[in-house]
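J.: Starting off with a structure, shown below.
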Amino acid sequence: DGGITQSPKYLFRKEGQNVTLSCEQNLNHDAMYWYRQDPGQGLRLIYYSQIVNDFQKGDIAEGYSVSREKKESFPLTVTSAQKNPTAFYLCAIGRGGSSNQPQHFGDGTRLSIL
Amino acid sequence: AQSVTQPDIHITVSEGASLELRCNYSYGATPYLFWYVQSPGQGLQLLLKYFSGDTLVQGIKGFEAEFKRSQSSFNLRKPSVHWSDAAEYFCAVGAGNNDMRFGAGTRLTVKP
Numbered sequence: 087d088g089g090i091t092q093s094p095k096y097l098f099r100k101e102g103q104n105v106t107l108s109c110e111q112n113l114n115h116d117a118m119y120w121y122r123q124d125p126g127q128g129l130r131l132i133y134y135s136q137i138v139n140d141f142q143k144g145d146i147a148e149g150y151s152v153s154r155e156k157k158e159s160f161p162l163t164v165t166s167a168q169k170n171p172t173a174f175y176l177c178a179i180g181r182g183g184s185s186n187q188p189q190h191f192g193d194g195t196r197l198s199i200l
Numbered sequence: 028a029q030s031v032t033q034p035d036i037h038i039t040v041s042e043g044a045s046l047e048l049r050c051n052y053s054y055g056a057t058p059y060l061f062w063y064v065q066s067p068g069q070g071l072q073l074l075l076k077y078f079s080g081d082t083l084v085q086g087i088k089g090f091e092a093e094f095k096r097s098q099s100s101f102n103l104r105k106p107s108v109h110w111s112d113a114a115e116y117f118c119a120v121g122a123g124n125n126d127m128r129f130g131a132g133t134r135l136t137v138k139p
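Protein chains in written order, with our numbering: chain A, 87 to 200; chain B, 28 to 139.
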């Protein structure tokens with residue numbers, strides 16, 4: 087989606103390693119989200135943030151961490167505590183507030199274990 | 028809490044045939060409903076949305092969806108499928124608290 091950049095497209099993690107996935111937006115949206123996608127399970131919310139310096143846990147936050155130091159950026163760190171990190175990770179943005187506003191998605195990062 | 032069910036994991040249709048993808052939701056109040064499409068290795072693209080008003084909503088790429096409160100459904104339709112429509116389709120429901128729930132998805136295969 088235009089205005090949302092996820093990098094890298096592919097990422098490999100070694101045992102015991104933390105890795106960070108980048109999500110940047112230039113659409114001036116307040117809310118940003120991280121989802122994990124596994125085959126046959128749809129999207130599951132990891133973390134979300136509605137304003138700078140604030141974020142909330144989603145349904146599957148264990149083993150992940152985030153920061154929101156700038157409005158444009160919402161990086162996700164997959165820590166060594168996440169024992170099954172292989173998945174497709176999607177970042178989304180939204181206008182925040184009520185969820186009658188649709189979310190818009192980046193092109194995703196595929197994370198695999200080495 | 029709200030939830031979404033997409034009963035069909037995989038559907039195959041012939042090119043030119045009509046398409047209907049099913050979506051059922053569970054939510055006590057009037058939900059906000061969305062359909063997204065995902066091509067392999069890509070993010071999700073919004074096809075259409077329903078907030079209120081006319082229960083038949085038109086979207087991009089010739090898709091439409093109908094909200095039926097009595098059946099708790101929001102099925103996606105297209106009169107004539109093109110080979111480029113092959114993708115995975117996700118129904119989602121929002122509940123007014125920044126919480127959006129996605130169905131597990133329906134994979135569409137288009138036969139020549």
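All residues carry an ideal CB built from backbone N, CA and C; glycine is no exception.
Check the C-beta distance from Gly128 of chain A over to Phe129 of chain B and give it rounded, since I have them as a contact under 8 Å.
T.: That belief holds up - the Cβ atoms of Gly128 of chain A and Phe129 of chain B are roughly 4 Å apart, short of 8 Å.
J.: Which residues does DSSP list as the beta-bridge partners of Asp35 of chain B?
T.: Paired residues: none, contrary to the question.
J.: Which chain A residues sit within Cβ distance under 8 Å of Asp131 of chain B?
T.: The sequence shown places Ala at residue 131 of chain B, not Asp. Correct list: Gly126, Gln127, Gly128.
J.: Give me the Cβ distance between Leu176 of chain A and Gly68 of chain B, rounded to the nearest whole Å; I'm assuming they're in contact under 8 Å.
T.: The pair is not a contact, with the Cβ atoms about 11 Å apart (cut-off 8 Å).
J.: From Phe78 of chain B to Ser166 of chain A, what does the alpha carbon distance come to, in whole angstroms?
T.: Distance between the alpha carbons of Phe78 of chain B and Ser166 of chain A: 41 Å.
J.: Just checking: is the beta-carbon of Asp140 of chain A within a distance shorter than 9 Å of some beta-carbon in chain B?
T.: It does not; no Cβ of chain B falls within 9 Å.
J.: Please go through the same chain and pick out, in chain order, the residues whose beta-carbon is closer than 6 Å to the beta-carbon of Ser45 of chain B, but skip the five residues on each side of it.
T.: Cβ neighbours of Ser45 of chain B beyond the five flanking positions: Pro106.
J.: Mind listing, in chain order, the continuous beta strand (DSSP E) runs of no fewer than 3 residues lying wholly within the region 120 to 172 of chain A?
T.: The qualifying runs are 129 to 137, 140 to 143, 150 to 152, 162 to 164.
J.: Say whether chain A places a C-beta atom closer than 9 Å to the C-beta of Phe101 of chain B.
T.: With 9 Å as the cut-off, Phe101 of chain B does not count as an interface residue toward chain A.
J.: Can you pull the DSSP bridge partners for Ala114 of chain B?
T.: According to DSSP, which records beta bridges pairwise, Ala114 of chain B is partnered with B:Leu135.
J.: Using the rule of at least 16 other Cβ atoms within 10 Å of the residue's Cβ for burial, across every protein chain shown, is His115 of chain A buried or exposed?
T.: Burial call: buried.
J.: Count the other C-beta atoms from every protein chain shown that fall within 10 angstroms of the C-beta of Arg96 of chain B, then say buried if there are 16 or more, exposed otherwise.
T.: Under this definition Arg96 of chain B is an exposed residue.
J.: To the nearest angstrom, how far is it from the Cα of Phe61 of chain B to the Cα of Phe117 of chain B?
T.: So the two alpha carbons sit approximately 8 Å from each other.
J.: Short of 7 Å in beta carbon distance, which residues of its chain neighbour Glu158 of chain A, apart from the five on each side in sequence? Order them along the chain.
T.: Same-chain partners within the cutoff: Glu110, Gln111, Asn112.
J.: Which residue or residues does DSSP assign as beta-bridge partners of Val105 of chain A?
T.: According to DSSP, Val105 of chain A bridges with A:Val164.
J.: Between the Cα of Arg134 of chain B and the Cα atoms of B:Asn51, B:Lys88, B:Val64, which residue gives the shortest distance?
T.: Ranking the options by Cα distance to Arg134 of chain B, first place goes to B:Val64.
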